[in-house]
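The next block holds one structure in the form of structure tokens; read it before the comments.
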Amino acid sequence: MTSIGPSSAQDSTGDAPLNRLDRLRHDIARLPVDEEFRAALLASVERYADQILARPPDGTHDGMDDLEAVSQVTLSDLYEASAMRLAGGD
Numbered sequence: 045m046t047s048i049g050p051s052s053a054q055d056s057t058g059d060a061p062l063n064r065l066d067r068l069r070h071d072i073a074r075l076p077v078d079e080e081f082r083a084a085l086l087a088s089v090e091r092y093a094d095q096i097l098a099r100p101p102d103g104t105h106d107g108m109d110d111l112e113a114v115s116q117v118t119l120s121d122l123y124e125a126s127a128m129r130l131a132g133g134d
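Using my numbering, read the sequence shown as starting at 45 and increasing by one per residue.
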């Protein structure tokens with residue numbers, strides 16, 4: 045499993061955790077991507093919710109906001125799953 049990034053206990057925007065995740069889901073729903081990738085992104089929000097909420101929401105550590113971080117980790121997970129299938133590990 046891929047990691048979203050380093051954690052920070054503070055949410056500097058003051059957003060309640062569910063509001064932050066709901067906003068991320070809303071942003072994903074509006075992306076011009078196919079439904080398979082959208083489903084993978086939404087699954088990543090659920091899988092990595094604790095890590096998403098633990099990281100700085102403004103991307104001060106790694107320069108990525110929540111949507112960018114979820115996109116990167118989702119692509120990494122999809123690549124890893126594909127590589128495992130090709131290698132016969134699935």
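The beta carbon of each residue, even a glycine, is placed where N, CA and C say it ideally should be.
Do residue j and residue i come within 8 angstroms of each other at the CB atom, strictly closer than that value?
i: Ile72; j: Leu86; result: yes
i: Pro69; j: Val89; result: One detail in the question is off: residue 69 reads as Arg in this sequence, not Pro. Yes. Within cutoff.
Quick one: grab the DSSP three-state call for residue i.
i: Pro100; result: coil
i: Arg74; result: coil
i: Ala125; result: helix
i: Ala84; result: helix
Go through its chain and collect everything with a Cβ distance to residue i's Cβ below 8 angstroms, but skip five positions before and after it.
i: Val77; result: Leu85
On the DSSP letters alone, give me the boundaries of the alpha helix (DSSP H) that residue i sits inside.
i: Met108; result: From DSSP, Met108 is part of no alpha helix (DSSP H); its letter is neither H nor E.
By the 10 Å Cβ neighbour count, where 16 or more other Cβ atoms means buried, how is residue i classified, buried or exposed?
i: Tyr92; result: buried
i: Ser126; result: exposed
Which residues in the same chain have their Cβ closer than 6 angstroms to the Cβ of residue i, if we skip the five residues on either side of it in sequence?
i: Phe81; result: none
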